[in-house]
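Since the structure comes first, as structure tokens, the remarks are kept for the end.
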Amino acid sequence: MRVRTFELRLIALVLAGCWAVAAAIVLIGYRPGGPIDIAVGLAALAPAIVALIGVAWPPVARGDRAFAGMVSLAAASLLVLVPSIAGLTGQLRARGVQTLLPSVEAAYPWVLALLGTSLLAGFGLARRRLGQAAMRRRRLARGLLLATVLAATSGLVFAAIAMGNELALRDRIAASSRFGPTDVDRDPPICDRAMGIGPTARIAIHLEGNLDGRSMGTIELAGERSAADVRWLAYVATTRELGLHGAALIGDRAWVRQPFAGWRGATVAEVGDAVLDLTAFRAALSPAGRAAAQSGGVGLIEGARARQCSVQVDGPTFRAAFPQVRWLVDEADLANWRGQLRFWVFLDGQIGRVEGSVNGDAADIQAGALQATLRVDLTATDRGAVVAITPPAP
């Protein structure tokens with residue numbers, strides 16, 4: 190019995206630690222400018238307190254099946270909680286969406302993890318209050334009642350504070366945003382409806398890769414586009430390339446820039462399909478590509494209202510959308526790679542941000558390697574503003 194008590198306390202402590210990490214991420218990273226940002230982070234500690242109840246009074250069961258059930262319940266809670274923490278980290282690191290849980294789909298793994306944590310604490314409290322000699326059915330009913338109270342209390346406290354903060358932000362209409370219109374009384378287009386990209390835009394792209402957990406490097410690209418005219422520079426620091434690359438395309442004239450050299454004239458074919466957000470839209474986010482797009486809810490990105498959508502993509506589509514990945518994987522075969530792209534469409538019906546990843550077999554990248562992952566984050570801002578693309582060289 191002592192061994193089982195120790196094991197359940199250890200598992201409950203891990204759960205409490207994960208909830209504390211999530212709360213710390215919100216407390217440190219969630220700063221949309223609301224009146225009670227800090228209170229939202231503090232309220233996120235409530236599930237950690239619930240988990241600590243399970244540490245103090247673990248739901249020790251005498252039967253083998255009941256004990257296995259408690260362990261399985263804790264493991265299931267961890268399985269949905271850990272990926273949710275990773276997703277929250279990426280969301281806040283992007284410093285975009287102000288809404289922590291923009292949709293039911295985004296909230297349900299957190300609700301499942303909270304229910305599992307509350308059940309562990311509730312059964313432990315019931316055993317503590319009724320004693321281990323009480324009838325099993327009575328302990329079960331009391332545990333379910335206590336778990337419901339714990340889950341409802343901690344969940345509603347956080348939801349009330351977070352929603353209050355976000356409603357205050359919604360009432361504080363931004364005068365302007367580089368991402369698009371700031372009118373909060375309209376909704377952006379549905380994910381599979383008509384949308385496009387801006388006639389002009391300022392583009393920033395971050396690309397990175399990892400191979401069996403080791404970094405393959407990063408690519409930081411910045412440029413401007415006007416219709417199909419484009420000019421950009423990319424600082425490449427990968428295991429295959431190092432230096433400043435660039436490309437420019439104005440009408441039927443083209444230029445390229447290689448590391449440790451200046452701009453030189455080139456052919457349009459030599460530049461290739463490198464028109465940044467226009468290339469990504471054509472390759473991955475055309476109407477056909479968005480036919481099965483899923484909605485992730487509506488939120489605010491730097492004051493601009495946007496709908497988050499997602500589509501599944503394969504490796505060749507990802508390469509076609511972001512051809513700069515060649516500086517990470519060269520000509521490696523990505524045919525069996527799979528992943529997802531998330532994109533945000535704004536009130537003007539234009540896509541202003543794309544973020545996602547693909548992963549797959551890495552044997553074609555490096556002999557003996559098992560798996561690799563490529564990630565991208567693209568922003569297209571000041572869409573529709575006057576952008577003049579000037580030749581980089583005579």
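Residues 190 to 583 (the numbering used here) are what the sequence shown spells out, left to right.
Just so you know, even glycine gets a beta-carbon here, dropped at the ideal spot from N, CA and C.
Identify every residue that forms a DSSP beta bridge with residue i.
i       : result
Glu-413 : Arg-391 and Arg-420
Phe-511 : For Phe-511, which the question treats as bridged, DSSP gives no partner whatsoever.
Thr-568 : Ala-393 and Arg-542
Gln-497 : Gly-486 and Trp-533
Gln-560 : Asp-550
Arg-527 : Asp-503 and Asn-548
Gly-320 : Partner(s): none; Gly-320 has no beta bridge.
Gly-385 : Gln-539
Gly-398 : Gly-406 and Leu-563
For the putative contact between residue i and residue j, defined by C-beta atoms under 8 angstroms, what is the C-beta separation to the nearest angstrom?
i       : j       : result
Phe-368 : Ala-493 : 4 angstroms
Val-346 : Ala-232 : 6 angstroms
Gly-528 : Phe-507 : 6 angstroms
Ile-473 : Leu-530 : Looking at the sequence provided, one finds Ala at residue 473 rather than Ile. Confirmed, Cβ separation roughly 6 angstroms.
Gly-412 : Ile-439 : Gly-412 to Ile-439, Cβ: 13 angstroms. No contact.
Arg-429 : Thr-389 : The pair is not a contact, with the Cβ atoms about 32 angstroms apart (cut-off 8 angstroms).
Ala-561 : Gly-549 : 7 angstroms
Ser-343 : Leu-303 : 7 angstroms
Ala-275 : Ala-237 : Between Ala-237 and Ala-275 the Cβ distance is about 18 angstroms, and since that is not below 8 angstroms, they are no contact.
Cys-207 : Cys-380 : Contact doesn't hold; Cβ gap of about 31 angstroms is too wide.
Leu-396 : Ile-386 : The pair is not a contact, with the Cβ atoms about 19 angstroms apart (cut-off 8 angstroms).
Asp-466 : Leu-536 : Actually they are not in contact, since the Cβ atoms of Asp-466 and Leu-536 sit about 18 angstroms apart, beyond 8 angstroms.
Ile-214 : Thr-278 : 6 angstroms
Glu-544 : Val-565 : 7 angstroms
Val-534 : Ala-495 : 6 angstroms
Ala-341 : Arg-331 : No, Ala-341 and Arg-331 are not in contact; Cβ-Cβ is about 16 angstroms, not under 8 angstroms.
Gly-485 : Ala-295 : 6 angstroms
Which same chain residues, not among the five before or five after residue i, have their C-beta less than 8 angstroms away from its C-beta?
i       : result
Ala-228 : Ile-350 and Asn-354
Arg-327 : Leu-319
Ala-357 : Gly-223, Pro-224 and Ile-225
Val-464 : Arg-414, Ala-417, Val-419 and Leu-438
Arg-317 : Trp-246
Ala-383 : Pro-476 and Gly-538
Ser-404 : Glu-397 and Gly-398
Pro-272 : Pro-298
Pro-448 : Val-425, Glu-430, Leu-431, Gly-432, Leu-433 and His-434
Asp-519 : Arg-429 and Ile-554
Tyr-219 : Asp-226, Val-229, Gly-230, Leu-281 and Leu-289
Tell me which residues share the same chain as residue i and place their Cβ nearer than 7 angstroms to its Cβ, disregarding the 5 neighbours each side in the sequence.
i       : result
Thr-456 : Ala-443
Val-244 : Arg-198, Ala-201, Leu-202 and Ala-205
Pro-505 : Leu-523 and Ala-524
Gly-478 : Val-500
Pro-247 : Thr-194, Leu-197, Arg-198, Ala-201 and Gly-313
Val-460 : Ala-436, Leu-438, Ala-443 and Val-445
Leu-333 : Gly-311
Ala-426 : Gly-406 and Thr-407
Met-266 : Just to set this straight, residue 266 is Ser in the shown sequence, not Met. Here the set comprises Leu-204, Ala-302, Gly-305 and Thr-306.
Phe-532 : Leu-474, Cys-498, Ile-540, Arg-542 and Val-543
Using a Cβ-Cβ cut-off of 6 angstroms (strictly less than) and excluding sequence neighbours within five positions of residue i, which residues of its own chain qualify?
i       : result
Leu-301 : Val-269
Thr-468 : Asp-462
Leu-410 : Ile-394, Trp-421 and Ala-423
Ala-310 : Val-239, Ile-242, Gly-243 and Leu-339
Val-502 : Ala-473, Gly-528 and Leu-530
Leu-234 : Ala-212
Ala-569 : Ala-390, Ile-392, Asp-466 and Gly-541
Ala-582 : Trp-444 and Trp-452
Ser-366 : Glu-491, Gly-492 and Ala-493
Phe-470 : Ile-386
Does at least one heavy atom of the ligand MN sit under 6 angstroms from the Cβ of residue i?
i       : result
Cys-207 : Inclusion of the ligand MN in the displayed structure is not the case, the ligand content being empty and no account of it being possible.
Which runs of the beta strand (DSSP E), 3 residues or longer, sit entirely within the segment 400 to 488? 403 to 415, 418 to 427, 431 to 439, 442 to 446 and 452 to 455
With three or more C-beta pairs closer than 8 angstroms as the rule, is the segment 374 to 385 touching the segment 562 to 580? no
Do the segment 385 to 402 and the segment 549 to 556 make contact, defined as three or more Cβ pairs closer than 8 angstroms? yes
May I have a chain-ordered list of the alpha helix (DSSP H) segments no shorter than 4 residues that lie completely inside the segment 197 to 231? none
Answer yes if the segment 212 to 223 comes into contact with the segment 254 to 262, meaning at least three C-beta pairs across the two stretches below 8 angstroms, and no otherwise. no
Ordered list of beta strand (DSSP E) runs contained in the segment 301 to 353, each at least 3 residues: none
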